[in-house]
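Only one structure is covered here, and it is reproduced in the block below.
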Amino acid sequence: MTNNKSGLSLTGPQKTIVWLLGMALVVIFIGSLVYRMNHPGNKVEFQQQGGSASSGMPGGGPGGMDAMNEESMKMVRELMERMGKEPDNMEIQLELANSFMMIRAYDRAKTFFERVIKKEPENVSALMGLGMCYYQAEKFAEAAASFDKILAFEPNDSMAEFNTGIIKKYYLHDHEVADKHFENIIANPNTPEDMKKRAEEELKKDPHPEQ
1 MTNNKSGLSL TGPQKTIVWL LGMALVVIFI GSLVYRMNHP GNKVEFQQQG
51 GSASSGMPGG GPGGMDAMNE ESMKMVRELM ERMGKEPDNM EIQLELANSF
101 MMIRAYDRAK TFFERVIKKE PENVSALMGL GMCYYQAEKF AEAAASFDKI
151 LAFEPNDSMA EFNTGIIKKY YLHDHEVADK HFENIIANPN TPEDMKKRAE
201 EELKKDPHPE Q
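Using the UniProt record's numbering, read the sequence shown as starting at 1 and increasing by one per residue.
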């Protein structure tokens, strides 16, 4: 993964907000895919770096999402101001993309992810985010391609492998290739046990369950 060297300096509380936004973004994305794929007997869970799968819709509780969106907008305003002063700072661009994802402004987020990738083509976070944006736009082939790019230089990235496997199995219907991704996850000695278990479960699942 490319290390971003920049002049962006966040305070302790701001760093906490950025981390919380990122974790909430994971929940939103997972919940979105589970909702779309919530057919009887086929509850699919999507994986993102740094997060765990969830089978429920995002939100957490009354007002929870609204409060998080308010923090996102605050972060967007601050980062836009910083970007005006440091237009070539890729860390700012990446944080902007994540903040736009939090408020479901996927087109705006996609623009900033693409800017980062243009400068840093092996930035895993940006490629993962871009894949998420494509997924939300229902451009599944492009989403899988984004995750595959990660695997081209990070072949042991089990999250990217799982993501592209899920899309190829349930959206692109390339079942043999999808199964190969899940087999790679299981064979990889560095894969966490919970991820191996999920991959094993996917190998057993029927991609065309009865409705």
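Think of the CB as a built atom: it goes at the ideal place given N, C-alpha and C, for glycine as much as any other residue.
- Shown here, H175 sits in a helix according to DSSP, grouped into three states.
- DSSP places K139 in the coil class of the three-state scheme, outside both helix and strand.
- For the pair V116 and L96, the CB atoms are not nearer than the 7 Å cut-off.
- Counting only the Cα atoms, K180 lies some 40 Å from V76.
- As the crow flies, the alpha-carbon of A144 is around 10 Å from that of M128.
- Contact check for F147 and Y171: beta-carbon distance about 12 Å, past the 8 Å limit, so the pair fails to qualify.
- The C-alpha of A109 is placed about 23 Å away from the C-alpha of D157.
- When DSSP states are grouped into helix, strand and coil, D206 belongs to the coil group.
- With respect to I186, K196 sits close: the two C-beta atoms are nearer than 7 Å.
- For D107, the enclosing alpha helix (DSSP H) begins and ends at Y106 to K119.
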